[in-house]
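Some notes on the structure that comes next.
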Amino acid sequence: MGASPTSRRRPARGLGPPPPPLLLLLLLPLLGPPAVHGDCGVPTRLTSAQLKEQFRGQQTFSHGAQVSYECRPGYYNPLRKPFNITCLEDNEWSSISDFCERRSCTNPGTPSHGRVDIPVDVKFGSEIYYTCEEGYKLIGSPISTCELSEGKVGWSEAVPDCETIYCLPPPNIAHGMSSAGDQASYAYGSAVTYKCEPSPRGSDKYSLIGNSTISCTLNSQNEGAWSSEPPRCEVVTCTEPTIANGKIISSYISQYNYGDQVIFECNSGYVLRGQSIVVCEVGDKWSPGIPVCEEEYDLTNLKIPNGKVLNSSRTVKKGDIVMVECDSNYSLEGSRQIKYIGQGNWEPKIPTCTLKLEPSKPPASLPPDVIDKIKKPEVAHGQVFHLFPVVKKGENITIECNAGYTLKGSSQIQYLGGGKWNPDIPTCNFSVVIIIILAGIFLFSAFGLVFFLYQFYNKRKGTYITDECLKEKTGLNYFVPNEDA
């Protein structure tokens, strides 16, 4: 017997209704996605502008909401129109950029005896710099900034002053005096000159040592100070200088004092090394030092037979080096460079110039560097080809004959040294073929001349006979010699 419908709908024993949270999870897909309510956050922050008072402090804004900006202090709106942004549906604000510009400060002004440097402009936030002319000191701030004060822009510092720089009175010196008066101070650029007092009769005179004039200038702290220490007045003498192989040409002085000058000159045949003028200094010293007279050698006295000296100057001093060169076709025996060591002597010894050897005369006793060189040979009725007029051992030369001559021997030969060639030097002989051709031309010309004379002679002694019939048939004239001929 089957179960009743009621019994089929009865829940199984021990199972109660599903818990509420689980039921909600099962129903969520049927309810669809939840509604989204978006908003915009704090609006964009600008450098030169800010939100108006009513929008400040608010953190969220609904879609479609608008906010307005105003310029920050120190800035202004050149377009004179409001700037707004809107909260869009994507929860973002519409775009905006800085629209305010910096306000300008008034003309800062320039201090007397000074200047103002404006690196960029005079707008809000800019800096300017003040400086004074040379000899003036800046009193005040050297920097001023265009800033905001009580809602307006203006300069942070007042225009500074440029005051004249002064020096204290210059010091006095012993045995001397200055051009300074009784002033309490001296303006920048003022100069004071010192001089020494006259010496008592019979005593050495005082000499001024140092700069005679000092001036009021600036020190490292930009304060007034004298340019140097004042000079001194002292008795300074120098011993009369002497110079070997020379003399003093300046006017004679019985006693040389500080600052006196002496001029030197060397004797003939000597040259001055050093300064020709020296000055008496403190401590019995001559500055920059007494010169010396060194022997001077005239190169025209250096005779090198068949050679010459190469030097830019006509004279040399001890230690100078000159170059020696031989004439054409002469060889240098010795060093090409020689140094003058004084008293007419040279080191190494003066070289000599010797004549280069002829091809047929290479003496065995000569040095190898001479035997192995030879003058380029000459070939009669021919030409010798070589880069240089002298042929060295192992070098080749080329010989070519003139037109109408035939080379007998090798056209290229090598110098073996000692006047020997391999093979021997060739000769240029008159060509046999040319002789035959000339002889043929002569015989042919002679035969032609004889034939011409023969024909000419017979033509003058004969007569012409005309046969009218033959003439009509042939159109020719016949020549019949006389029987007497």
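Just so we're aligned: the sequence shown equals residues -38 to -1, 1 to 447 in mature numbering (1 follows the signal peptide of the UniProt record, and there is no 0).
Virtual Cβ for every residue (Gly too), placed ideally from N, Cα, C.
For E258, count the other beta carbons within 10 Å of its own beta carbon; 16 or more makes it buried, fewer makes it exposed. Which is it? Working through the sequence shown from its first residue, we reach residue 258 at position 296. With 16 or more Cβ atoms within 10 Å of its Cβ, E258 is classed as buried.
Return the residue from the list W55, N207 and R7 that minimises the CA-CA distance to A27. Within the sequence shown, the letter at position 65 stands for residue 27. Comparing C-alpha distances from A27 to each of W55, N207 and R7 shows the shortest one belongs to W55.
Considering just the uninterrupted stretch of the beta strand (DSSP E) at R77, what are its terminal residues? The sequence position of residue 77 within the sequence shown is 115, counting from 1. It spans G76 to D79 - the beta strand (DSSP E) in which R77 sits, taken as one unbroken run.
Does the Cβ-Cβ distance between P40 and E63 come in under 7 Å? The residue labelled residue 40 in the question sits at position 78 within the sequence shown. The residue labelled residue 63 in the question sits at position 101 within the sequence shown. Yes, the Cβ-Cβ distance between P40 and E63 is below 7 Å.
Proximity winner among P313, G306, Q145 and C390, relative to S293 (alpha-carbon distances): On the sequence shown, position 331 is the one that residue 293 refers to. Of the listed residues, the one whose Cα sits closest to S293 is P313.
Identify whether L411 lies in helix, strand or coil by the three-state DSSP scheme. In the sequence shown, the residue the question calls residue 411 occupies position 449. Here L411 sits in helix by DSSP.
S169 to Q145, Cα distance in whole Å? By 1-based counting over the sequence shown, the position of residue 169 is 207. By 1-based counting over the sequence shown, the position of residue 145 is 183. Their Cα atoms are separated by approximately 27 Å.
Rounded C-beta distance between V341 and K318? I'm assuming under 8 Å. On the sequence shown, position 379 is the one that residue 341 refers to. On the sequence shown, position 356 is the one that residue 318 refers to. Contact between V341 and K318 is ruled out by a C-beta separation of about 19 Å, above the 8 Å threshold.
Name the two residues that bound the continuous beta strand (DSSP E) containing C288. Indexing the sequence shown from 1 puts residue 288 at position 326. Taken as a continuous stretch (DSSP letters only), the beta strand (DSSP E) holding C288 covers I283 to C288.
Short Cβ contact (7 Å threshold) for N229 with N263: Locating residue 229 in the sequence shown gives position 267, where the first residue counts as 1. Locating residue 263 in the sequence shown gives position 301, where the first residue counts as 1. Their beta carbons are not under 7 Å apart, which means N229 does not touch N263 by this criterion.
Unbroken stretches of the beta strand (DSSP E), 3 residues or longer, contained in the region 154 to 238: Every unbroken stretch of the beta strand (DSSP E) spanning 3 or more residues and falling wholly within the region 154 to 238 is given here in chain order: 169 to 171, 175 to 180, 186 to 188, 194 to 196, 208 to 210, 223 to 228 and 232 to 235.
Proximity winner among I215, Y302 and D83, relative to V271 (alpha-carbon distances): Here residue 271 corresponds to residue number 309 of the sequence shown, with the count starting at 1. Out of I215, Y302 and D83, Y302 has the C-alpha closest to the C-alpha of V271.
Can you pull the DSSP bridge partners for Y91? On the sequence shown, position 129 is the one that residue 91 refers to. Per DSSP, D79 and I105.
Check the DSSP bridge columns for G304 and list the partner residues they point to. Residue numbering aside, residue 304 sits at position 342 when the sequence shown is read from its first letter. Beta-bridge pairing links G304 to N307.
Simplified DSSP state of N291, which is helix, strand or coil: Locating residue 291 in the sequence shown gives position 329, counting from the first residue. N291 carries a coil assignment under DSSP once its states are collapsed to helix, strand and coil.
Of all the beta strand (DSSP E) runs that stay within the bounds of the region 109 to 135, which reach a length of 3 or more residues? Qualifying beta strand (DSSP E) stretches, in chain order: 114 to 117 and 123 to 126.
Locate the beta strand (DSSP E) running through G269, then write down its first and last residues. The residue labelled residue 269 in the question sits at position 307 within the sequence shown. Residues G269 to L272.
Presumed contact (8 Å Cβ cut-off) between P385 and G366, rounded CB distance: Your numbering for residue 385 matches position 423 in the sequence shown. Your numbering for residue 366 matches position 404 in the sequence shown. P385 to G366, Cβ: 24 Å. No contact.
Distance between E159 and S147 (C-alpha atoms, nearest Å): Within the sequence shown, residue 147 is the residue found at index 185, counting from 1. Within the sequence shown, residue 159 is the residue found at index 197, counting from 1. The alpha-carbon of S147 is positioned some 25 Å away from that of E159.
For the region 382 to 397 against the region 407 to 414, are there 3 or more C-beta pairs whose distance is under 8 Å? No, the region 382 to 397 does not touch the region 407 to 414.
Can you tell me where the beta strand (DSSP E) with Y31 in it begins and where it stops? As a working mapping, residue 31 is identified with position 69 in the sequence shown. Note, Y31: beta strand (DSSP E), Q28 to C33.
CA-to-CA distance, I403 to H343, given in whole angstroms: Locating residue 343 in the sequence shown gives position 381, where the first residue counts as 1. Locating residue 403 in the sequence shown gives position 441, where the first residue counts as 1. Rounded to whole angstroms, H343 to I403 spans 24 Å at the Cα level.
Which same chain residues, not among the five before or five after H25, have their C-beta less than 6 Å away from its C-beta? Locating residue 25 in the sequence shown gives position 63, where the first residue counts as 1. Excluding sequence neighbours, H25 sits near C49 and E51.
Looking at C129: is its Cβ nearer than 7 Å to the Cβ of C178? For this step, residue 129 is matched to residue 167 along the sequence shown. For this step, residue 178 is matched to residue 216 along the sequence shown. Judged by beta-carbon spacing, C178 lies within the 7 Å limit of C129, meaning their Cβ atoms are closer than that value.
Per DSSP, F347 is paired with what? As a working mapping, residue 347 is identified with position 385 in the sequence shown. Note: F347 is bridge-paired with T360 in the DSSP secondary-structure output.
Burial state of K335, where buried means 16 or more other Cβ atoms lie within 10 Å: Start at 1 with the first residue of the sequence shown, and residue 335 comes out as number 373. Buried: at least 16 other Cβ atoms inside 10 Å.
Secondary structure at V244, three-state DSSP: helix, strand or coil? Position 282 of the sequence shown, counted from the first residue, corresponds to residue 244. Coil, per DSSP.
Measuring only the C-alpha atoms, how far is V241 from K209? Looking up residue 241 in the sequence shown gives position 279. Looking up residue 209 in the sequence shown gives position 247. Their backbone Cα atoms lie some 16 Å apart in a straight line.
Answer with buried or exposed for F226, where buried requires no fewer than 16 other C-beta atoms within 10 angstroms of its C-beta. By one-based count along the sequence shown, residue 226 stands at place 264. Buried, since its Cβ has 16 or more Cβ neighbours within 10 Å.
Exposed or buried, what is P267 when buried is set at 16 or more other beta-carbons lying within 10 Å of its beta-carbon? The residue labelled residue 267 in the question sits at position 305 within the sequence shown. Around the C-beta of P267, fewer than 16 other C-beta atoms lie within 10 Å, and the residue is accordingly described as exposed.
Residue from Q20, R65, L8 and Q12 whose Cα sits closest to the Cα of residue 517: Coverage of the chain is limited to positions -38 through 447, which leaves residue 517 absent and any answer about it impossible.
Other residues of its chain near F86: CB distance less than 6 Å, five sequence neighbours each side excluded: By one-based count along the sequence shown, residue 86 stands at place 124. Around F86, the same chain offers G36, R64, R65, C108 and V115 as residues with beta carbons nearer than 6 Å, after the five sequence neighbours per side are excluded.
Give the secondary structure of V394 by DSSP, where H, G and I count as helix, E and B as strand, and everything else as coil. Here the question's residue 394 lines up with position 432 in the sequence shown. V394 falls in the helix class under three-state DSSP.
So, is L13 buried or exposed, given that buried needs 16 or more other C-beta atoms within 10 angstroms? Position 51 of the sequence shown, counted from the first residue, corresponds to residue 13. By the neighbour-count criterion, in which a residue is buried when 16 or more other Cβ atoms sit within 10 angstroms of its Cβ, L13 is buried.
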